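K.L.:
Residue numbers (my numbering), protein chains in the order written: chain A, 562 to 1065; chain B, 137 to 246.
(1) Step through the CB atoms of chain A and report whether any lies within less than 9 angstroms of the CB of residue 205 of chain B.
(2) Taking 8 angstroms as the threshold, find out whether the stretch 825-834 of chain A comes into contact with the stretch 606-616 of chain A through three or more Cβ pairs.
(3) Kindly give me the distance between the Cβ atoms of residue 228 of chain B and residue 608 of chain A, rounded to whole angstroms, as I take these residues to be in contact under 8 angstroms.
(4) Return yes when the Cβ of residue 766 of chain A is within less than 9 angstroms of the Cβ of residue 581 of chain A, no when it is not.
(5) Run the CB neighbour count on residue 706 of chain A, radius 10 Å, all protein chains shown included, and call it buried at 16 or more, exposed below.
(6) Using a Cβ-Cβ cut-off of 9 angstroms, state whether residue 613 of chain A counts as contacting chain B.
(7) Does DSSP put residue 619 of chain A in a helix, in a strand, or in coil?
(8) By the three-class DSSP mapping on this structure, what secondary structure does residue 715 of chain A have?
(9) Report yes if the CB atom of residue 683 of chain A is closer than 9 angstroms to the CB atom of residue 749 of chain A, and no otherwise.
(10) Classify residue 996 of chain A as helix, strand or coil using the three-state DSSP reduction.
(11) Quick one: which chain A residues come within Cβ less than 9 angstroms of residue 198 of chain B?
(12) Taking only beta-carbon positions, decide if residue 637 of chain A is within less than 9 angstroms of chain B.
(13) Can you tell me whether residue 596 of chain A is helix, strand or coil according to DSSP?
(14) Pick helix, strand or coil for residue 936 of chain A, following the three-state DSSP scheme.
(15) Under a three-way DSSP split, which group does residue 221 of chain B fall into?
(16) Give the interface partners of residue 885 of chain A over in chain B, defined as CB-CB distance under 7 angstroms, in chain order.
(17) Give a yes or no on whether the minimum CB-CB distance between residue 674 of chain A and chain B is below 9 angstroms.
(18) Taking the alpha-carbon positions, what's the residue 170 of chain B to residue 879 of chain A distance?
(19) Can you tell me where the beta strand (DSSP E) with residue 1027 of chain A in it begins and where it stops?
(20) Under 9 angstroms, do residue 175 of chain B and residue 164 of chain B count as touching if we go by C-beta distance?
(21) Does any residue of chain A bring its CB to less than 9 angstroms from the CB of residue 241 of chain B?
(22) Which first and last residues belong to the alpha helix (DSSP H) in which residue 1066 of chain A is found?
(23) So, is residue 940 of chain A buried or exposed, given that buried needs 16 or more other C-beta atoms within 10 angstroms?
(24) Taking C-beta to C-beta, are residue 743 of chain A and residue 594 of chain A nearer than 9 angstroms?
(25) Does chain A have any CB closer than 9 angstroms to the CB of residue 148 of chain B?
(26) Measuring only between beta-carbons, confirm whether residue 770 of chain A sits less than 9 angstroms from chain B.
(27) If contacts are defined as beta-carbon pairs under 8 angstroms, then residue 674 of chain A and residue 643 of chain A qualify, I think. What distance do you get, rounded to the angstrom?
(28) Under 9 angstroms between the Cβ atoms of residue 1010 of chain A and residue 1039 of chain A?
(29) Hey, how far is the Cα of residue 692 of chain A from the Cα of residue 199 of chain B?
(30) Nearest by alpha-carbon distance to residue 1041 of chain A: which of A:783, A:969 and A:1031 is it?
(31) Are any of the Cβ atoms in chain B nearer than 9 angstroms to that of residue 598 of chain A?
(32) Starting from residue 842 of chain A, trace the alpha helix (DSSP H) in both directions and tell me its first and last residue.
(33) I need the DSSP call for residue 578 of chain A, collapsed to helix, strand or coil.
(34) What is the DSSP secondary structure of residue 626 of chain A, counted as helix, strand or coil?
(35) Check each residue of the stretch 140-172 of chain B: if its Cβ is closer than 7 angstroms to any Cβ of chain A, include it; give the result in chain order.
(36) Distance cutoff 9 angstroms, beta carbons only. Does residue 628 of chain A sit that close to anything in chain B?
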């Protein structure tokens, strides 16, 4: 195995063409599970949201959740899919303790929605990603592996299982293979998942939080030399953030290219992405071709979504995120390039929320795209997860507008919020921040600055008002940035000129 | 020609986690073959316009509203478990059953 990357990414895409495919899983936000009335609250005490149906106890029978079926059809419609007029659930048989029944109810050759697409914007171009299928299944329980290193299943002596999640409705969305994206493949993957997240969120059927696992993503990657048939693909799992989606595709492209260059073969396998190292490792040491012995689920009757039902769901679809974004761009008065920067930073929703909380679009954009974007970048996290909420940013901007903070101090306050020091008001009190516009306190500083810079003072007396900047700078320095620049300027001019021009 | 081979029966037994002896494989392969041969005869009668039956009742769209229904208390649910665990680290262990406990999942060599 080649573990040292010999080719860099530019060399990889010069020699090979990638084909990617994405499988996203969306845990629906229904109140109850897919086939029983158990609640679905996140973070409940282990094994307190279970019943005979989701435990697969003898004699229990599943009944499908109507809200979950409707949510899946709505996702399918939003993805331009054809909705099946008749389909069945299928039983997927496997032995693994994350499902107490020894099978998972899923869909196999009759998915609820098929053959759609999702358009995404990549560097100013529209890329159409084909959707193969959207189907509905039940989520599995959570296992906790004991006795091995850092919770891994390898080397574990036993495992503990919490079935609270077992049976929560899970929608699987599978793309068609996406060829022809070249060096943009990692970015295409990330933007696709981002767009999918925004789309599902707009439908209000899931909170689609990657860090809580309600949006999960597996990435398929293969490489081929130009003109040759597609290569063998690997499936990378454990990709738990938008940033990781991009990193995982990149890492897998580099790994595969180096193997191919060394004359080695790519094995079709599951690989795991590691957030810390950015590498992928082989997921299964020995695995025969999986044989899940699918058959139509005998405990559930078929689904037959009639036209009236589907039409009604279609009529109530919200505005697609793309249209919504175009409207925002107009409302915010942004050029295409500026809007693209906002999109690339993943800042649309936070800016929208900040504006909703009372900030001006310019103010909201300034903080999210400046200070906070830089912080998110340094920390390697998504902007929405930096730990500052839109309401706080709006509050900071309000303080600036009211003259209580200037931009420099506002940045200090934001840093305080990022450090977990509390609300803007608390940080201003604790750190003694705040713009000094009290003329009494400033007059002394102004007099000192004039005394310290007699040549500048003379220029201003001669009517060269632009020279005042030097004095303002000195005063700002002396007051550690807390002076109100406008007040300072007025004081200087009042001191040095008998008739200061009112326009300055 | 046999409808199911001895190898296929062995494969199915492995997938189903059933320990089957060599003699049992011989016997079951023969018995299953008789059953499948009989089913094959039905297939000869069924024309292309007759879809396979997966459900014996002519019902569709049996759905429930998204309303929470009471489930099991944790103690009740875990009462039937072969083994349970507290799941806290040793210092904080209360001895209370909170998880289902299962033996090692992967083989030693895995």
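Cβ atoms here follow ideal geometry from the backbone N, Cα and C, with glycine treated the same way. The structure displayed is predicted, hence computed values, not measured ones.
P.N.:
Looking at the coordinates:
(1) yes
(2) no
(3) Going by Cβ atoms, the distance from residue 228 of chain B to residue 608 of chain A rounds to 18 angstroms, so no, they are not a contact pair.
(4) no
(5) buried
(6) yes
(7) coil
(8) coil
(9) yes
(10) coil
(11) 624, 625, 861 and 862
(12) no
(13) coil
(14) helix
(15) strand
(16) Ordered by position in chain B, no residue passes the 7 angstroms Cβ test against residue 885 of chain A, which lies about 27 angstroms from the chain.
(17) no
(18) 57 angstroms
(19) That residue, residue 1027 of chain A, is in no beta strand (DSSP E); it is neither H nor E in DSSP.
(20) no
(21) yes
(22) The structure shown has nothing for residue 1066 of chain A, since chain A only spans 562 to 1065.
(23) exposed
(24) no
(25) yes
(26) no
(27) 7 angstroms
(28) yes
(29) 27 angstroms
(30) A:969
(31) yes
(32) Taken as a continuous stretch (DSSP letters only), residue 842 of chain A belongs to no alpha helix (DSSP H), being part of the beta strand (DSSP E) at 841-843.
(33) strand
(34) strand
(35) 151 and 153
(36) yes
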